[in-house]
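To keep things clear, I will list the structure first and then write my remarks on it.
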Amino acid sequence: MVRIGSHVSFSDKGLLNAANEAVSYGSGTFMIYTGAPQNTRRKPIENQYIEEGKAVMEQHGIGEIIVHAPYIINLGSYKDDTYELAVRFLQEEIRRTDYLGVKQIVLHPGAYTDKDAEYGLARIAQGLNEVLSGVKDTNVNIALETMAGKGTEMGRSFEELATIIEKVEDNGKLTVCLDTCHVSDAGYDIVNDLDGVLEQFDRTVGLDRIAVVHLNDSKNPKGASKDRHAPVGAGWIGFQAMHNVVHHEKLKHLPFILETPWIGKEDSSQRPMYEAEIALLGGTVKTRFGDGFLSDVERLAHFFTKQDIDPRAYVLQTWEVLKTDAKAKKADGREPMERLYDLIVADSLFPELNEEQINHRLTAWFAGEHLFATV
Ligand SMILES: [Zn+2]
1 MVRIGSHVSF SDKGLLNAAN EAVSYGSGTF MIYTGAPQNT RRKPIENQYI EEGKAVMEQH
61 GIGEIIVHAP YIINLGSYKD DTYELAVRFL QEEIRRTDYL GVKQIVLHPG AYTDKDAEYG
121 LARIAQGLNE VLSGVKDTNV NIALETMAGK GTEMGRSFEE LATIIEKVED NGKLTVCLDT
181 CHVSDAGYDI VNDLDGVLEQ FDRTVGLDRI AVVHLNDSKN PKGASKDRHA PVGAGWIGFQ
241 AMHNVVHHEK LKHLPFILET PWIGKEDSSQ RPMYEAEIAL LGGTVKTRFG DGFLSDVERL
301 AHFFTKQDID PRAYVLQTWE VLKTDAKAKK ADGREPMERL YDLIVADSLF PELNEEQINH
361 RLTAWFAGEH LFATV
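Set out below in structure tokens:
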């Protein structure tokens, strides 16, 4: 059975909070930030309900989980204060991760800002050497994330990751987090040639380095260098390609983490699609949601077929218009899921369902025949 989970909140009651949230989505794993990703304020890790959280995890068969390092860490910075803060804070984060008994901390390698790529790679490697030399007594690996190539961020190609790894002395402590949105945005064709991309990764970095996969669809086409996540099936990668990733022979043993956006017309009504995404990708829709859900999705499929709306074509056309036609975007900036949701509501197709429930069914509709093939 594949292990899929999502980013969950570590606030309030820490690990207990995170584990309960993960369980509510039917997760087999999950990922946390040990505190706000944009600042360095941290509560003592000892007071984060760790025993209570672990009890919940054990009860629900959740073993391995992942920590994500905060974004403010930039080991690629030429500014001494930024760089030194990054080294020190990453070491503290690694100690917190180790205390939790977690083996992987995901790190955005860093950005070179006003310097150049060569400088950035060397600086990141220097930073990783410093970080690792100070935490030799821990059991934590740093999982370098594959990046989209937005701005001056490094790790946008497999070669850049390989270069960093080569330059790090204790590189047995370095692993990789493969992010589907980022690699697609960086130009790798995981939709049509997943095998080829993985072979390329294997030749350059080595597949055995991959320790975790971030499962995100993308609001942008391959090679866009943007890094904007979409819900599974609601982006350019699409459900089929995401399903191929999860069930690929070379990847299926790994923990898969969703960082997909929450969906809702108002900020206050936004809800995650994680529960549906996990069940759809893991093939547990029927047990998780029941027969009524499946017949709702069939009704939905019928409703859209009548209007000649195909999920994949509709999603791609909408993103294309939003990207290329500024006037049309100004007149109607709604993203694909919101437009489809509005069509459903305008026709009162499911008057008894709330917004989240309708959006779960929309997510399932994106999965198309898969949904019915796996139940
Ligand atoms: Zn990340």
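Counting in full-length UniProt numbering, the sequence shown runs from 1 upward without gaps. Positions of the beta carbon are idealized from the N, C-alpha and C atoms, including for glycine.
key: Classification of N141 by the beta-carbon crowding that lies within 10 angstroms, buried from 16 upward   = Within the sequence shown, numbered from 1, the residue matching residue 141 stands at position 141. The residue is buried, with at least 16 neighbouring Cβ atoms inside 10 Å.
task = Would you grab the beta carbon distance between A186 and S157 for me? Rounded to a whole angstrom, and I think it's under 8 Å.
result = Translated into positions along the sequence shown, residue 186 becomes position 186. Translated into positions along the sequence shown, residue 157 becomes position 157. Confirmed, about 7 Å.
query = Is G233 buried or exposed, if buried means 16 or more other CB atoms sit within 10 Å of its CB?
reply = Within the sequence shown, numbered from 1, the residue matching residue 233 stands at position 233. Classification of G233: buried, given that the 10 Å Cβ count is 16 or more.
request  = Give the straight-line distance between the Cα atoms of L371 and R271, rounded to the nearest whole angstrom.
outcome  = Translated into positions along the sequence shown, residue 371 becomes position 371. Translated into positions along the sequence shown, residue 271 becomes position 271. Answer to the nearest angstrom: the Cα atoms are 21 Å apart.
key: Through-space distance from I32 to K13, alpha-carbon basis   = By one-based count along the sequence shown, residue 13 stands at place 13. By one-based count along the sequence shown, residue 32 stands at place 32. Approximately 13 Å, taken between the alpha carbons.
task = Below 7 Å CB to CB, which residues in the same chain sit around R3 once its five sequence neighbours on both sides are set aside?
result = Position 3 of the sequence shown, counted from the start, is the residue given in the question as residue 3. G28, T29, P255 and F256, listed in sequence order.
ask   = Do Y245 and T180 have their CB atoms nearer than 7 Å?
value = To locate residue 245, count along the sequence shown from 1; it is residue 245. To locate residue 180, count along the sequence shown from 1; it is residue 180. Reading off the sequence, residue 245 comes out as Val, not Tyr. Yes.
message = Please report the distance separating the alpha-carbon of E153 from that of Y112.
response = As a position in the sequence shown, residue 153 is number 153, starting the count at 1. As a position in the sequence shown, residue 112 is number 112, starting the count at 1. Rounded to whole angstroms, E153 to Y112 spans 7 Å at the Cα level.
ask   = Which residues bound the beta strand (DSSP E) around S6?
value = In the sequence shown, counting from the first residue as 1, residue 6 sits at position 6. Taken as a continuous stretch (DSSP letters only), the beta strand (DSSP E) holding S6 covers R3 to H7.
task = Compare the Cα-Cα distances from N47 to each of T40, T34, V56 and Q59 and report the closest residue.
result = As a position in the sequence shown, residue 47 is number 47, starting the count at 1. Among T40, T34, V56 and Q59, the Cα nearest to that of N47 belongs to T34.
task = Answer yes or no: the CB of E320 versus the heavy atoms of ligand 1, is any distance below 6 Å?
result = Walking along the sequence shown from the start, residue 320 turns up at place 320. No, the beta carbon of E320 sits no closer than 6 Å to any heavy atom of ligand 1.
key: K222 vs D170 beta-carbon contact at 7 Å   = Sequence index remark: in the sequence shown, residue 222 carries index 222 (1-based). Sequence index remark: in the sequence shown, residue 170 carries index 170 (1-based). Not a contact, by the Cβ cut-off of 7 Å.
ask   = Within the chosen definition, does the segment 293-313 reach the segment 246-253 through at least 3 CB pairs nearer than 8 Å?
value = no
The segment 263-279 touching the segment 352-366, judged by at least three CB pairs closer than 8 Å = yes
message = One question on the structure: do K329 and L322 come within less than 7 Å of each other, judged by their Cβ atoms?
response = Indexing the sequence shown from 1 puts residue 329 at position 329. Indexing the sequence shown from 1 puts residue 322 at position 322. Result yes, Cβ atoms of K329 and L322 sit closer than 7 Å.
key: Closer than 6 Å: residue 378 CB and nearest ligand 1 heavy atom   = Outside the modelled stretch of the chain, which goes from 1 to 375, sits residue 378, for which no answer is possible.
inquiry  = From the DSSP secondary-structure annotation, give me the bridge partner or partners of A230.
reply    = The residue given as residue 230 occupies position 230 in the sequence shown. DSSP output for A230 lists D217 as bridge partner(s).
request  = Would you please state the rounded distance, in angstroms, between the beta carbons of V87 and V135? I believe it to be under 8 Å.
outcome  = The residue you call residue 87 lines up with position 87 of the sequence shown. The residue you call residue 135 lines up with position 135 of the sequence shown. Rounded, the Cβ-Cβ distance is 11 Å, inconsistent with contact.
query = Where do the N-terminal and C-terminal ends of the alpha helix (DSSP H) with T204 fall, by residue?
reply = As a first step, residue 204 is located in the sequence shown; it is residue number 204 there, counting from the start. That run of the alpha helix (DSSP H) goes L194 to T204.
query = What separation, rounded to the nearest whole angstrom, lies between the Cα atoms of H108 and R288?
reply = On the sequence shown, position 108 is the one that residue 108 refers to. On the sequence shown, position 288 is the one that residue 288 refers to. Roughly 34 Å separates the two Cα atoms.
inquiry  = Which residues does DSSP list as the beta-bridge partners of I32?
reply    = Taking the sequence shown and counting its residues from 1, the one referred to as residue 32 is at position 32. For I32, which the question treats as bridged, DSSP gives the partners V67.
inquiry  = Report the start-end ranges of each beta strand (DSSP E) in the segment 159-191 that is 3 residues or longer and not cut off at the edges.
reply    = 174-179
ask   = In whole angstroms, what separates the C-alpha of E369 from that of G5?
value = For this step, residue 369 is matched to residue 369 along the sequence shown. For this step, residue 5 is matched to residue 5 along the sequence shown. If you take the alpha carbons of E369 and G5, they lie about 23 Å apart.
query = Quick one: what does DSSP say I278 is sitting in, helix, strand or coil?
reply = Position 278 of the sequence shown, counted from the start, is the residue given in the question as residue 278. Helix.
query = Looking at C-alpha atoms only, which residue of I263, M242, A301 and N17 is the closest neighbour of L280?
reply = For the purposes of this step, residue 280 is taken as the residue at position 280 of the sequence shown. Considering only alpha carbons, the answer is M242.
task = Starting from V106, follow its DSSP beta bridges and name the residues at the other end.
result = Position 106 of the sequence shown holds residue 106. Bridge partners of V106: H68 and A143.
message = Check for me: the alpha helix (DSSP H) holding P336 runs from which residue to which?
response = Mapped onto the sequence shown, residue 336 falls at position 336. Run containing P336: P336 to A346, per the alpha helix (DSSP H) assignment.
inquiry  = Can you tell me which residues form a DSSP beta bridge with P255?
reply    = Start at 1 with the first residue of the sequence shown, and residue 255 comes out as number 255. According to DSSP, P255 bridges with R3.
request  = Assuming N139 and D98 form a contact by the criterion Cβ under 8 Å, report the distance between their Cβ atoms to the nearest whole angstrom.
outcome  = Indexing the sequence shown from 1 puts residue 139 at position 139. Indexing the sequence shown from 1 puts residue 98 at position 98. Their Cβ separation, rounded to whole angstroms, is 6 Å, which keeps N139 and D98 in contact under 8 Å.
request  = Alpha carbon to alpha carbon, how far is T305 from S11? Give it in angstroms, no decimals.
outcome  = In the sequence shown, the residue the question calls residue 11 occupies position 11. In the sequence shown, the residue the question calls residue 305 occupies position 305. The straight-line gap from Cα to Cα measures roughly 43 Å.
key: V212 - partner residues in DSSP beta bridges   = One-based indexing of the sequence shown puts residue 212 at position 212. Looking at the DSSP assignment, V212 forms a beta bridge with C177.
ask   = How would you call T324, buried or exposed, if buried means at least 16 neighbouring beta carbons within 10 angstroms?
value = Here residue 324 corresponds to residue number 324 of the sequence shown, with the count starting at 1. So T324 counts as exposed.
Local Cβ density within 10 Å of H229, reported as buried at 16 or more and exposed below that = In the sequence shown, residue 229 corresponds to position 229, counting from 1. Looking at its Cβ environment, which holds 16 or more other Cβ atoms inside 10 Å, H229 is buried.
task = Out of F89, T204, E338 and D202, point me to the one whose CA is closest to P231's CA.
result = By 1-based counting over the sequence shown, the position of residue 231 is 231. Checking every option, the nearest Cα to that of P231 belongs to E338.
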